[in-house]
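Everything below concerns the one structure shown next.
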Amino acid sequence: MDLGEKLVEELGVNTLFSIGPAVITESIFNTWILLIIVLVACIILTRGFTVENPGKRQLAVEAFVTWIRNMTHSMLGDEAVGYSWFTITMIFFIGIANLSALIETAVSDNYTFMKPPTKDLNVTIALALMSIVMVEIAGIKRKGVGGWLKSFTKPIAVITPINILEIVIKPLSLCMRLFGNIFGGFIIMELLKILVPFAIPIPFSCYFEIFDALLQAYVFVFLTSIYLSEAVEE
Amino acid sequence: MGIVSIHPVSIAITIANVLILFLILKKFLFAPVDRILQARAKKIIENKEVAEKNAEEAEALKRKYDEKVTEIEEEEKRRLSEANRRASEEYDRIVEAANTRADQILEDAGRKADMVAAIRDAEQERKIADIVSAVAKKMVAAKSDAETDKNLIEEFLSKAGEEDGR
């Protein structure tokens, strides 16, 4: 098998099984596993919380929750802070999906355990769609349907077509940026592993699978936050 | 399935997955943490209220105590000045009495002295009279001459001088 074929195989998203008309792919199955891991982790981490004399675990969880709230709050601004639940969920989803590459293991020809879901274009499309729908909903909620429609002619009527195009461009750029970065990082890692199977890939792995993974989650959420705060401003 | 194939079903399931993640985070991470944080905030507010109440009570007690101390000090001052006043009154009264008494004593002494002087004068007068009468008697008895008269007179004078010199 030459390099090209191997890459195509690694990059492909295989169908595992189908439930009726629903085709369950690797990325969706992995997402489910991640959801279960998150659920179990949350239950374990928040068990036995006390109001007084919190333990180290509780303090860490509280600090994390406060930190992520403050971070999304500062990205959204005071006006759009009501949408922080959305950006928090997004940053969580993308973060854990990207980080899952750390424990990626090929189980069989057809299934790779923890192949990052964000490497599947369908997943990033779904995330980007949710983002743009949320942004437009925020705009309509804030300005009413009339005000929302009028906002396309702002700041001047001439750029109305560009504003309308933005509805497509914004999610497309979000989706492609995330997909491209994870995809690209994956290709580089695969190439490295094939060329130098020992030691050298470790620092690169740290960069692509930890730093870039979290950075892309942050960038995605940061841009969504900007769109949201733009949508709700008068 | 190729590298970049689009499947609406996958997209829909992913959207559902994101919503499930949202529910998981909300119910199992943020809700318990918020519950604790709110309970703690409530407790802190309560503690603060209790502390404020205690401080207020302490302040009230302190004020009351200060008032009492001032009251006591004033009472003490009042009593002291009362005592001083009484003492000075007593002093004045005693001095006055002493003065009166002294005046009286002096007066008595003066009167006594006068009386003593008067008595002495009377005695002297009486003695002089006695001497004069004695001289007169002797003169009459002796029918003496001028020499004898002169002696009698001298005797009288020397007796009178003795009486005076006493």
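Residue numbers (this note's numbering), protein chains in the order written: chain A, 2 to 235; chain B, 29 to 194.
Ideal Cβ placement from N, Cα and C applies to all residues, glycine included.
Assign residue i to buried or exposed, taking buried as 16 or more other Cβ atoms, counted over all protein chains shown, within 10 Å of its Cβ.
i, result
"A:P240", "The requested residue 240 of chain A is not part of the displayed model; chain A covers only 2 to 235."
"A:L196", "exposed"
"B:T128", "exposed"
"B:P36", "exposed"
"B:E85", "exposed"
"A:S132", "buried"
"A:I163", "exposed"
"A:G21", "exposed"
"A:G148", "exposed"
"B:E77", "exposed"
"A:K57", "exposed"
"B:N45", "buried"
Note down, in chain order, each residue of its chain lying with its Cβ closer than 8 Å to the Cβ of residue i, except the 5 sequence neighbours on either side.
i, result
"A:A17", "Checking the displayed sequence, the identity of residue 17 of chain A turns out to be Leu instead of Ala. Once the five neighbours on either side are set aside, the close Cβ partners of A:L17 are I25, T26, E27, F30, N111 and Y112."
"B:I159", "F184, K187 and A188"
"A:A139", "A81, Y84, L229, A232 and V233"
"A:T51", "Q59"
"A:I89", "I69, R70 and T73"
"B:D120", "none"
Check whether the Cβ of residue i sits closer than 7 Å to any heavy atom of the ligand SAM, and report yes or no.
i, result
"A:I168", "Only the bare structure without any ligand can be found here, which leaves the ligand SAM out of the picture."
Just to confirm my understanding: we take residue i, look at its own chain, exclude 5 residues before and 5 after, and list those with CB closer than 6 Å. What are they?
i, result
"A:V159", "none"
"B:M29", "At B:M29 the pLDDT is 43, less than 50, meaning the model places this residue with poor confidence and gives no usable figure here."
"B:I41", "none"
"A:S226", "M76, L77 and T88"
Under 7 Å between beta-carbons, which chain B residues line up against residue i? List them in chain order, please.
i, result
"A:T47", "F56, L57, P60 and V61"
"A:I44", "F56"
"A:V222", "What A:V222 touches in chain B: nothing, since even the nearest Cβ is about 13 Å away."
Just the chain B side, please: which residues come within less than 9 Å of residue i by C-beta, in chain order?
i, result
"A:F50", "P60, V61, R63 and I64"
"A:V66", "L57, F58, V61, D62 and L65"
Note down, in chain order, every chain B residue with its Cβ under 8 Å from the Cβ of residue i.
i, result
"A:L40", "I52 and F56"
"A:E63", "V61, I64 and L65"
"A:L229", "The contacting residues do not exist; A:L229 stays about 16 Å from chain B at best."
"A:V159", "Correct list: empty, because the minimum Cβ distance to chain B is about 34 Å."
"A:L36", "N45, I48, L49 and I52"
Could you tell me which chain A residues have their CB closer than 7 Å to the CB of residue i, listed as they occur along the chain?
i, result
"B:R68", "V52"
"B:K71", "V52"
What residues in its chain sit with their C-beta under 7 Å from that of residue i, if we drop five residues either side in the sequence?
i, result
"B:M167", "D177 and L180"
"A:I183", "N99, P117, T119, K120 and Q217"
Since residue i meets chain A, which of its residues come closer than 8 Å, beta carbon to beta carbon?
i, result
"B:I34", "L122, N123 and I126"
| message | Any C-beta of chain B within less than 7 Å: which residues of the segment 162-191 of chain A qualify? | response | none
| field | Whole runs of the alpha helix (DSSP H) within the segment 119-202 of chain A, excluding any shorter than 4 residues | value | 122-151 and 161-196
| Just by C-beta distance, which residues in the segment 73-90 of chain B are closer than 7 Å to chain A? | none
| message | What are the residues in the segment 122-136 of chain A lying within 8 Å of chain B by C-beta distance? | response | L122, N123, V124, I126, A127, L128, L130 and M131
| query | If you measure beta-carbon to beta-carbon, which residues of the segment 6-31 of chain A are closer than 8 Å to chain B? | reply | Cβ contacts with chain B: V9, L12, G13, V14, N15, T16, P22, A23, V24, I25, T26, S28 and I29.
| task | Would you mind listing the alpha helix (DSSP H) stretches within the segment 94-166 of chain B that are 4+ residues and don't spill past its ends, in chain order? | result | none
| Under 9 Å (Cβ pairs) to chain B, residues found in the segment 80-100 of chain A | W86, F87, I89, T90, M91, F93, F94 and I97
| Contact set between the segment 38-49 of chain B and chain A, restricted to residues whose Cβ is under 7 Å from the partner | S38, I39, I41, T42, I43, N45, V46, I48 and L49
| message | What ranges does the alpha helix (DSSP H) occupy inside the segment 43-82 of chain A, keeping only unbroken runs of at least 4 residues that lie completely in it? | response | 57-77
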